[in-house]
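Be aware that the sequence shown starts at 2, since it is given in our numbering, and climbs by one per residue.
We put the beta carbon where it would ideally sit given N, CA and C, even for glycine.
What you are looking at is a predicted structure, and each value in this text was computed from that prediction instead of being measured.
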Amino acid sequence: MMITPVHHFRDIERKPEYLQPEKCVPPPSRASLGTMWFIRDGCGIACAVVTWMLVFYADFVVLLVMLVPSRDYVYSVINGTLFNTLAFLALASHFRAMLTDPVSISLSVCLGKKQAGAVPKGNATKEFIESLQLKPGQVVYKCPKCCSIKPDRAHHCSVCKRCIRKMDHHCPWVNNCVGENNQKYFVLFTMYIALISLHALIMVGFHFLYCFEEDWTKCSSFSPPTTVILLILLCFEALLFLIFTSVMFGTQVHSICTDETGIEQLKKEERRWAKKTKWMNMKAVFGHPFSIAWLSPFATPDQGKADPYQYVV
């Protein structure tokens with residue numbers, strides 16, 4: 002079933018000659034660009050590196066300050082395995098969210114031809130418009146910033162310098178936009194960071210209780226002042242990221258269930274797409290059918306059957 006939206010005049014040009022093709026440089030081929038998606042933004046790269054360093058710091062404190070010196074072997078093994086598993090999944094989700102093209106379609110999809118890839122830059126040329134063989138009365142959208150033909154529900158990102166379909170927001174912590182193709186990995190990233198933060202806070206609480214009852218020199222490999230400083234820093238980091246990622250996780254789940262991105266909510270844009278159930282919206286992001294793969298950052302969601310109204314003509 003195809004949905005034809007009511008078009009509004011935003012960054013729109015009906016006639017090829019108005020597109021000023023001399024200002025639009027034809028986009029390079031996908032093969033020449035390589036297959037890996039990576040945003041070369043200094044701030045985003047720094048934030049991504051800091052994210053990994055904070056996770057490694059938490060792992061260092063959990064293992065060498067709390068678990069290794071513990072005389073309870075079973076407690077150390079269980080908590081060490083659980084924390085490192087969650088940390089590994091968090092970093093894997095971060096890696097996938099950062100290196101995955103947030104757009105799973107190009108203009109050809111909007112015209113009924115499925116083809117993977119980001120919205121091409123500079124394709125709003127007279128020759129390209131004519132090659133589309135548009136039907137009489139069919140309208141195309143143009144982004145004046147990246148000189149590309151804009152699919153429905155697309156917004157321009159000034160950092161990525163591309164139009165991103167179903168763009169929720171640009172997140173510097175993953176150095177990428179959160180869009181329709183990598184939202185699953187971003188949601189998993191926030192969930193696993195929240196879980197390891199909560200786990201770290203619980204272990205810090207138990208460790209403080211244990212050290213107050215025992216000699217501080219026996220409950221850690223480090224001196225008592227160093228141990229206290231490391232634990233306080235971990236506690237502050239875990240509490241801060243627990244609050245931040247929990248809020249982000251809840252916001253993303255709400256956005257998925259309502260099928261309305263953060264930008265669309267902020268701009269209060271008129272809904273021009275089919276309304277579906279919350280469960281269908283969840284499957285459109287995490288894959289169809291429901292399985293344990295929803296929790297895996299290594300499983301690419303199969304969206305073929307999940308969203309029959311995803312593309313428009």
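| Query | Result |
| --- | --- |
| Output the residue ranges of the alpha helix (DSSP H) runs that lie fully inside the stretch 39 to 105 and measure 4 residues or longer, sorted by chain position. | 43 to 61 and 74 to 100 |
| Would you identify the three-state DSSP class for A195, choosing helix, strand or coil? | helix |
| When you compare each of L202, V286, H208 and F61 to D73 by their alpha carbons, which one comes out closest? | H208 |
| Taking I264 and H156 to be in contact with their CB atoms under 8 Å, please state how far apart those CB atoms are, rounded to whole angstroms. | 5 Å |
| Pick from R166, D260, P70 and A47: whose alpha carbon is nearest that of C220? | P70 |
| Given a cut-off of 7 Å on the beta-carbon distance, is the pair T262 and K185 in contact? | no |
| Judging by CA-CA distance, which residue of S297, D303, V62 and T301 is the nearest neighbour of L87? | S297 |
| Pull up the DSSP beta-bridge partners for C164, would you. | H157 |
| Using DSSP bridges, identify the partner residues of N282. | Bridge partners of N282: none, in fact. |
| Alpha carbon to alpha carbon, how far is T246 from D153? Give it in angstroms, no decimals. | 29 Å |
| What residue from F39, T278, T259 and P290 has the CA that sits closest to M99's CA? | F39 |
| Between H171 and C161, which are expected to be in contact by the criterion C-beta below 8 Å, what is the C-beta distance as a whole number of angstroms? | 7 Å |
| Mind reading off the beta-carbon distance from L235 to V205? Whole number of angstroms is fine, and I expect it under 8 Å. | 6 Å |
| Taking C-beta to C-beta, are F190 and V179 nearer than 7 Å? | no |
| Near S77, which residues of its chain fall below 8 Å by C-beta distance, leaving aside the five closest residues on each side in sequence? | L68, V69 and S71 |
| Can you look up S256 in the DSSP assignment and give me helix, strand or coil? | helix |
| With a 10 Å radius around its C-beta and 16 neighbouring C-beta atoms as the bar for buried, classify Q1 as buried or exposed. | Outside the modelled stretch of the chain, which goes from 2 to 314, sits residue 1, for which no answer is possible. |
| May I ask you to report which of helix, strand or coil DSSP gives V179? | strand |
| Within 10 Å of its beta-carbon, does P103 have 16 or more other beta-carbons around it, so buried, or fewer, so exposed? | buried |
| Taking only three categories from DSSP, how would you classify H289? | coil |
| Which term fits P226, buried or exposed, when burial requires 16 or more other beta carbons within 10 angstroms of its beta carbon? | exposed |
| Put K136 into one of helix, strand or coil per three-state DSSP. | coil |
| Closest to V335 by CA distance: which of A47, F291 and E238 is it? | Shown here, the chain extends from 2 to 314; a query on residue 335 therefore has no answer. |
| For a test of the three-state rule: what should DSSP assign to C220, helix, strand or coil? | coil |
| Please say whether A91 and I203 have beta carbons closer to each other than 7 Å? | no |
| Spatial neighbours of S222 within its chain, please: C-beta separation below 8 Å, excluding the five flanking residues on both sides. | L65, V66, V69 and P70 |
| Does K277 come out as helix, strand or coil in the three-state DSSP assignment? | coil |
| Tell me which residue opens and which closes the beta strand (DSSP E) that K268 is part of. | First-last for K268: G263 to K268, but that is the alpha helix (DSSP H), not the beta strand (DSSP E). |
| If we count the other Cβ atoms within 10 Å of its Cβ and call it buried at 16 or more, is W174 buried or exposed? | buried |
| Return the bridge partner residues of S149 from the DSSP annotation. | C144 |
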